[in-house]
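Encoded as structure tokens, the structure appears first; notes follow it.
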Amino acid sequence: MAFFDLADFDDHEQVVFCSDEASGLKAIIAVHNTNLGPAVGGCRMWDYASDEEALVDALRLSKGMTYKNAMAGLKMGGGKSVIIGDAKSIKSEALFKAFGEALNRINGRYLSAEDVNITTSDIAIVNTVTPFVTGTEGKSGNPGPFTALGTFLGIKASVKHKLNRDDLTGLKVAVQGLGSVGYGLCEHLHKAGAKLYVTDINQAALDKAAVEFDATVVSLDEIYDQDVDVYSPCALGASINDKTISRLKAKIIGGCANNQLAEPRHDKALVDNGILYAPDYVINAWWHH
Ligand SMILES: NC(=O)c1ccc[n+]([C@@H]2O[C@H](COP(=O)([O-])OP(=O)(O)OC[C@H]3O[C@@H](n4cnc5c(N)ncnc54)[C@H](O)[C@@H]3O)[C@@H](O)[C@H]2O)c1
């Protein structure tokens with residue numbers, strides 16, 4: 035693999051490959067930029083199809099964190115980590131401790147926290163061996179609810195800007211992903227009177243949203259075709275791409291997912307289609323406050 039030539043390599047300061055045979059840990063820590071301060075960004079656990087896919091995810095996510103922390107006015111740089119493997123089977127105390135030891139070796143240039151498939155109890159285990167984490171229970175806690183509120187406020191601001199309305203009653207929103215952030219976002223939107231169209235790979239979350247928010251459940255692929263005002267990507271990245279842009283009827287994209295655009299050129303395609311895009315690293319940055 036030609037590392038320095040990868041399209042997503044952007045002069046990252048440091049990329050560390052960590053492994054621990056005993057616990058099965060395989061992780062990549064990417065420190066993109068520390069000009070403003072230590073790199074801060076969550077840890078994602080995902081069953082990547084290849085090591086290269088994991089590396090590209092870490093590179094893209096860490097770069098996004100540099101933008102996010104800078105835009106939020108924080109004295110923090112951008113970094114992110116990924117642990118490779120299926121969250122349903124690989125989690126163990128030993129694995130999270132080994133990850134904490136890996137953080138110790140970077141010695142504070144990178145601080146980790148929760149991201150997809152990493153919970154506050156996982157971070158609590160990491161925290162038993164290293165101080166280099168944030169988002170711990172009793173301190174800043176799970177960032178999900180703060181991100182959900184920030185994303186909701188970002189959608190409100192986008193609706194005001196694009197549709198010139200303050201009231202969200204009857205606003206139609208398609209939410210992709212009902213996890214820690216997406217589900218909380220749905221709560222805010224439902225309270226504000228919005229009509230929700232939702233999808234997820236997790237049937238239990240869909241059933242709950244249908245009951246609690248009177249949400250209309252649609253299939254994973256149909257989410258792009260919904261006749262809605264807002265498309266809210268709240269699962270993984272790259273959902274805005276050559277295949278999906280022409281299908282979107284929404285005039286606004288506002289969601290918490292990181293790296294929503296598959297490629298940088300897709301921002302121009304959105305402008306050409308008359309779609310207002312609330313940049314992911316702005317709308318999902320609120321949890322730091
Ligand atoms: N947690 C935070 O505070 C935070 C902050 C900023 C950005 N983000 C980003 O927001 C996104 C969601 O984070 P989260 O913490 O809610 O994660 P989460 O793991 O709690 O939720 C993700 C949800 O997406 C669902 N999902 C996975 N693949 C899907 C698919 N193909 N289609 C539809 N749904 C799918 C999962 O089943 C899950 O319900 C991620 O991109 C994350 O990087 C999270």
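In case it helps, the working numbering puts the sequence shown at residues 35 to 323.
Idealized CB from N, CA, C, for every residue including glycine.
Near ligand 1: residue i beta-carbon under 8 Å from a heavy atom
i	result
T181	yes
E221	no
N151	yes
C77	no
Q210	yes
N103	no
G119	no
P177	yes
V116	no
E148	yes
S214	yes
N161	no
G188	no
C52	no
A83	no
A36	no
N236	yes
L270	yes
L254	yes
A239	yes
N275	no
Buried versus exposed, by CB contacts within 10 Å (16 or more), residue i
i	result
H323	At H323, the pLDDT of 44 sits below 50, so the modelled position is not reliable; the number obtained from the coordinates is stated separately. Exposed, since its Cβ has fewer than 16 Cβ neighbours within 10 Å.
M99	buried
N103	buried
V305	exposed
A136	buried
N307	exposed
Q294	buried
E297	exposed
A41	exposed
Contact test: residue i Cβ vs ligand 3 heavy atom, cutoff 8 Å
i	result
T233	With respect to ligand 3, the structure shown offers nothing to examine, as its ligands consist of ligand 1.
Contact belief for residue i with residue j at Cβ below 8 Å, rounded distance in angstroms
i	j	result
L205	A191	L205 to A191, Cβ: 13 Å. No contact.
V262	A284	5 Å
G113	Y144	4 Å
I159	K131	6 Å
A147	V167	6 Å
V232	L254	Rounded, the Cβ-Cβ distance is 11 Å, inconsistent with contact.
(message) I'd like the ranges of any beta strand (DSSP E) spanning at least 3 consecutive residues and lying wholly in the region 54-79.
(response) Listed in chain order, the complete beta strand (DSSP E) runs (minimum 3 residues) inside the region 54-79 are 59-67.
(message) Which complete alpha helix (DSSP H) runs does the region 129-193 hold, if anything under 4 residues is left out?
(response) Segments of the alpha helix (DSSP H) lying fully in the region 129-193: 154-160.
(request) Please go through the region 86-127 and give each complete beta strand (DSSP E) segment of 3 or more residues, from N-terminal end onward. (result) Whole beta strand (DSSP E) segments, 3+ residues: 111-118.
(request) Go through the region 212-245 residue by residue and report every complete run of the beta strand (DSSP E) that reaches 3 residues or more, in order. (result) Taking 3 residues as the minimum length, the beta strand (DSSP E) runs contained wholly in the region 212-245 are 229-233, in order along the chain.
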